[in-house]
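**Student:** Before anything else, here's the structure in question.
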Amino acid sequence: MASSSEDLSRRSYAHRTAAPTPTERALTPSQSSPLSVSPKRTTPLPIQTIIQIPEDQVWGLRKEDLRNYFLALQVYALNPYPLGPLSPPPTSLDPKPSGPADLPALLKLPLELRRLVYTHLLPPPCSPPIRGPHPRQLQNYIHLSQPIPASLLRLNHQIRSEALPLLYGSPSQIVYIKIDYNVWGHKTRRSDLVLSSPLTSCIKNIHLSIHLGSEKRANRPVGETYARLQEVKKGIKKLDKWLSGADIQRMEISWQEPPQTFTWPQKKEVLDGLRALRAVSVLPGEINWGLDWNKGRRFRFEVEYFKELERGEQSD
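What follows is the structure, given as structure tokens:
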């Protein structure tokens, strides 16, 4: 009986490890088969198209697209071949209408009237600010004092391109931006959305919140001060690049930090990174929840220093 059971086990093992038949080999996942589950691959763009991508769009590409384009350029560099004449990149993704009769009624109005319509469609300011998009260039979501009417942007590509700069750059629109030392949320929530420089250059008013921690005095992060300062400085550099070309009229700065952790020279070094924005007016927001715990000479916070960040106080 024992030998028969051993024979059965050997036969079952041999059955499990038998070489696959030609039909089975054809259906292995490594082969391209209708039954196999293979990752979806997109057709690579031509080299001419890749090298003509504008700089603004490069910053908004997904990591997967960046890898694919890099590999395509690498293959071309190893085996170059003559390219045809470069054609100018398309200015619009939507097909142009065949004639005035095909235009929406709004686009038949003069541009000046259309701009008035766009600004009148902007809702009144709301409190608290409504959450907006999370651009790839920034650490967190931006918040808007006036929500952007999404229904207007869905009408037409031309309407979208005309309305967005006005809606973001309205004198009553305040863009709330947070710079946080904790960038884990930024890395996990970051989207593929890109607000191009023609749009961000229209922003006039920002409210900037700098967050260095909220621990109490007994739990203040003494050993993490340098790392937190570096992350915040990186966030400010990204903000400077994101708003390059913007004519900032008003910048309000809120600040949050653990007590007796960061010295005034360290805070001043962080604030100096905002000089590149060249805001006309720099005002203090909520500083440490309005508490005056950092009154000492070493850990003080000089709100008066904000005036030195203004455009008029800087030497060109």
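In terms of this note's numbering, the sequence shown opens at residue 672 and continues consecutively. A virtual CB, placed ideally from N, CA and C, is assigned to each residue, including glycine.
Taking 6 Å as the limit between beta carbons, can you name the residues of its chain near P929, skipping five residues before and five after?
**Tutor:** Within the sequence shown, numbered from 1, the residue matching residue 929 stands at position 258. Closer than 6 Å at Cβ, skipping near neighbours: G884, E886, R891.
**Student:** From the DSSP output, in three-state form, read off S868 for me.
**Tutor:** One-based indexing of the sequence shown puts residue 868 at position 197. It is helical.
**Student:** Using a 10 Å radius around the Cβ and a threshold of 16 neighbouring Cβ atoms, would you call E923 buried or exposed?
**Tutor:** Taking the first residue of the sequence shown as 1, we reach residue 923 at position 252. E923 is buried by the Cβ-count criterion.
**Student:** Quick one: measure Cβ to Cβ for G970 and W935, integer angstroms, because I've assumed they're closer than 8 Å.
**Tutor:** Translated into the one-based positions of the sequence shown, residue 970 becomes position 299. Translated into the one-based positions of the sequence shown, residue 935 becomes position 264. Just to set this straight, residue 970 is Phe in the shown sequence, not Gly. The Cβ separation is near 7 Å, so the contact holds.
**Student:** May I ask which residues mark the beginning and end of the alpha helix (DSSP H) holding R831?
**Tutor:** If you number the sequence shown from 1, residue 831 lands on position 160. From DSSP, the alpha helix (DSSP H) with R831 extends over 828-839.
**Student:** Using CA coordinates, which residue listed in V953, N811, P795 is at the minimum distance from N853?
**Tutor:** Along the sequence shown, one-based indexing puts residue 853 at 182. It is N811 whose Cα lies nearest to the Cα of N853.
**Student:** Tell me the start and end of each unbroken alpha helix (DSSP H) in the segment 901-949 that is at least 4 residues and wholly inside, in chain order.
**Tutor:** Those alpha helix (DSSP H) runs which fall completely within the segment 901-949 and span 4+ residues are 935-943.
**Student:** Contact check, Q808 vs P794 under 8 Å by CB: the rounded distance?
**Tutor:** Mapped onto the sequence shown, residue 808 falls at position 137. Mapped onto the sequence shown, residue 794 falls at position 123. Their Cβ separation, rounded to whole angstroms, is 26 Å, which puts Q808 and P794 out of contact at 8 Å.
**Student:** Of the residues I850, L742, E833, which one's Cα is nearest the Cα of L870?
**Tutor:** Position 199 of the sequence shown holds residue 870. When each option's Cα is compared against that of L870, the closest is E833.
**Student:** Thinking C-beta only, is L823 closer than 8 Å to I813?
**Tutor:** For the purposes of this step, residue 813 is taken as residue 142 along the sequence shown, with counting starting at 1. For the purposes of this step, residue 823 is taken as residue 152 along the sequence shown, with counting starting at 1. No, the Cβ-Cβ distance between I813 and L823 is not below 8 Å.
**Student:** State whether the segment 904-916 contacts the segment 951-958, with contact taken as three or more CB pairs (one from each stretch) at a distance under 8 Å.
**Tutor:** Short answer: they don't touch.
**Student:** Assuming H878 and Y839 make a contact with CB atoms under 8 Å, what is their CB distance in whole Å?
**Tutor:** As a first step, residue 878 is located in the sequence shown; it is residue number 207 there, counting from the start. As a first step, residue 839 is located in the sequence shown; it is residue number 168 there, counting from the start. With 8 Å as the limit, H878 and Y839 do not qualify as a contact, their Cβ atoms being about 14 Å apart.
**Student:** Compare the beta carbon distance of H882 and I850 with 8 Å and say whether it is the shorter of the two.
**Tutor:** Residue 882 sits at position 211 when you count from the first residue of the sequence shown. Residue 850 sits at position 179 when you count from the first residue of the sequence shown. For H882 and I850, yes; Cβs fall inside 8 Å.
**Student:** Rank V893, P800, S867, A821 by C-alpha distance to the C-alpha of Q635 and give the top, closest one.
**Tutor:** Since the first and last residues shown for the chain are 672 and 987, residue 635 lies out of range.
**Student:** Where does Y847 fall in DSSP's three states?
**Tutor:** The count along the sequence shown starts at 1 and reaches residue 847 at position 176. In this structure, Y847 counts as strand in the three-state DSSP scheme.
**Student:** Candidates V951, R968, V974: which alpha carbon is nearest G983's?
**Tutor:** Residue mapping note: residue 983 aligns to position 312 of the sequence shown, counting from 1. Here the closest residue by C-alpha is V951.
**Student:** Three-state secondary structure (DSSP) at N811?
**Tutor:** Mapped onto the sequence shown, residue 811 falls at position 140. Note: N811 maps to coil in three-state DSSP.
**Student:** Compare the beta carbon distance of L670 and L900 with 8 Å and say whether it is the shorter of the two.
**Tutor:** This structure cannot settle anything about residue 670, because the visible part of the chain is limited to 672 through 987.
**Student:** Give every residue of the same chain whose Cβ lies closer than 8 Å to the Cβ of Y747, excluding the five residues on either side of it in the sequence, and list them in chain order.
**Tutor:** As a working note, residue 747 is residue 76 in the sequence shown. Closer than 8 Å at the Cβ level, and outside the excluded window around Y747, lie I718.
**Student:** To the nearest angstrom, how far is the alpha carbon of R802 from that of K938?
**Tutor:** Mapped onto the sequence shown, residue 802 falls at position 131. Mapped onto the sequence shown, residue 938 falls at position 267. Their Cα atoms are separated by approximately 28 Å.
**Student:** Where does the unbroken alpha helix (DSSP H) through I660 begin, and where does it stop?
**Tutor:** With the chain covering 672 to 987 only, the question about residue 660 has no answer from this structure.
**Student:** So what's V951 in DSSP terms, helix, strand or just coil?
**Tutor:** Counting from 1 along the sequence shown, the entry for residue 951 is found at position 280. Coil.
**Student:** Which whole-angstrom value is the C-beta distance of R634 and L777, which I expect to be below 8 Å?
**Tutor:** Missing from the structure shown is residue 634; the chain here goes from 672 to 987 and no further.
**Student:** Quick one: residues in its chain with C-beta nearer than 6 Å to the C-beta of E902, no 5 flanking neighbours on either side, listed in chain order?
**Tutor:** Counting from one through the sequence shown, the residue named residue 902 turns up at place 231. The answer, listed in chain order, is Y852, V854.
**Student:** By how many angstroms is the C-alpha of F933 removed from the C-alpha of A889?
**Tutor:** The count along the sequence shown starts at 1 and reaches residue 889 at position 218. The count along the sequence shown starts at 1 and reaches residue 933 at position 262. Their backbone Cα atoms lie some 15 Å apart in a straight line.
**Student:** Since K978 and V941 are thought to touch, with beta carbons under 8 Å apart, how far apart are those beta carbons, to the nearest angstrom?
**Tutor:** In the sequence shown, counting from the first residue as 1, residue 978 sits at position 307. In the sequence shown, counting from the first residue as 1, residue 941 sits at position 270. Wrong, their Cβ atoms sit about 17 Å apart, outside the cutoff.
**Student:** Counting only the same chain and skipping the five closest in sequence on each side, list residues whose C-beta sits under 8 Å from that of V788.
**Tutor:** Numbered from its first residue, the sequence shown carries residue 788 at position 117. Cβ within range, chain order: L777, L780.
**Student:** Contact check, T896 vs S841 under 8 Å by CB: the rounded distance?
**Tutor:** Working through the sequence shown from its first residue, we reach residue 896 at position 225. Working through the sequence shown from its first residue, we reach residue 841 at position 170. The pair is not a contact, with the Cβ atoms about 39 Å apart (cut-off 8 Å).
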